[in-house]
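Accompanying notes for the structure given below.
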Amino acid sequence: QDNWIAHQDDFNQLLAELNNCHGQGETESSVKKQKKTFSLEEKSKSSKKRVHYMKFAKGKDLSSRTEQDLSCIFGRRQKSAKTQEGNKCLSSPGDGSNTVKSALTVQEYFAKRMAKLK
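Its first residue numbered 1, the sequence shown is counted upward by one per residue in UniProt numbering.
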């Protein structure tokens, strides 16, 4: 068993040396950093023909957008924990009417009301 463990250690060391020698020891983050982002605007400026106009290129270029902008564009929801807390509390009466926000759906509400009546 000791012989097998020693053989496994030698093999792991050999693999580590090969990875370092051939440059495969890089992590994914370093590979992403090496990739240069090339925006649509720069690409259209460098082309010989005028394929994209400036407003079109700026509108379609998502590399300059923030994470919040991208979530709005693609319709990703924000954190739902904040919305659930907001649904449980009463809203302040702004125009004199008493509005209650509930976490229940309409079907659940009427199912509870029918159960109370019976």
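Note that the Cβ used here is the ideal one computed from N, Cα and C, for glycine as well.
Please read all numbers here as calculations on a predicted model, not as lab measurements.
query: Run of the alpha helix (DSSP H) containing Val100, from where it starts to where it stops; result: Counting along the chain, Val100 falls outside any alpha helix (DSSP H), and DSSP gives it neither H nor E.
query: As assigned by DSSP and simplified to three states, the class of Arg76; result: coil
query: Whole-angstrom distance between Ser64 and Leu70, CA atom to CA atom; result: 10 Å
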